[in-house]
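I have placed the structure first, in the form of structure tokens, so that the comments after it can refer back to it.
In the numbering used here, the protein residues as written are 1 to 190.
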């Protein structure tokens, strides 16, 4: 089930990702992931490093720097997730216009939900699969994302943010369809 509103959606998705982060064994941070050339810690690094600049470029909101991912990936994630949640929970930000130079203008909470929270959701599978944890994603959210991204397929591939689509059966579960769409093999194992 998809929570109602960007703040609640982030709270739920970030909490699930946080559970997976805390579930990584002390010696598991160098485990390979479904993303070629990434290790488990790189999944966390990706999320805590790309979003602050994106947010600042479109809104002038600066997230406070947190712990180093290499030193403590759990603390780095928890700090980052709390900072993003604080932005979403602040009523003053509900009416802020996100005006990134490469995107159409939109309300800040919507921009966070569309570009960042969805990324956290998808990377939950990567981290969980890499570290032997429960990698089950919400099927309804998977369906919504696949149906929303499918019309943008060519543009998404050209952005370099997604690998080549991995074919899956037409009647595959929505999670497998999403994972395949973003360029991961649903059968991947470490």
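All residues carry an ideal CB built from backbone N, CA and C; glycine is no exception.
Because the structure is a prediction, the values reported are computed rather than measured.
Inset, instruction - May I have the straight-line CA-CA distance separating residue 123 from residue 179, to the nearest angstrom? - result: 10 Å
Inset, instruction - Count the other CB atoms, across all protein chains shown, that sit within 10 Å of the CB of residue 30; report buried if there are 16 or more and exposed otherwise. - result: exposed
Legend entry - Terminal residues of the alpha helix (DSSP H) in which residue 58 lies: First-last of the alpha helix (DSSP H) with residue 58: 40-59.
Inset, instruction - Note down, in chain order, each residue of its chain lying with its Cβ closer than 8 Å to the Cβ of residue 113, except the 5 sequence neighbours on either side. - result: 6, 9 and 10
Legend entry - Neighbour-count burial assignment, residue 41, 16 or more Cβ in a 10 Å radius: It is buried - the Cβ of residue 41 has at least 16 other Cβ atoms within 10 Å.
Inset, instruction - Could you check what DSSP says for residue 131 in three-state terms: helix, strand or coil? - result: coil
Legend entry - Neighbourhood of residue 192 by C-beta distance below 8 Å, restricted to the same chain and skipping five residues each side: Residue 192 falls outside the range modelled here, since the chain spans only 1 to 190, and no answer is possible.
Legend entry - Candidates 73, 51, 147 and 149, of which the one nearest residue 64 by Cα: Taking only the C-alpha atoms, the option nearest residue 64 is 51.
Inset, instruction - Return helix, strand or coil for residue 101, following the three-state DSSP convention. - result: coil
Inset, instruction - Pick out whichever of 53, 169, 164 and 173 has its Cα sitting closest to the Cα of residue 101. - result: 53
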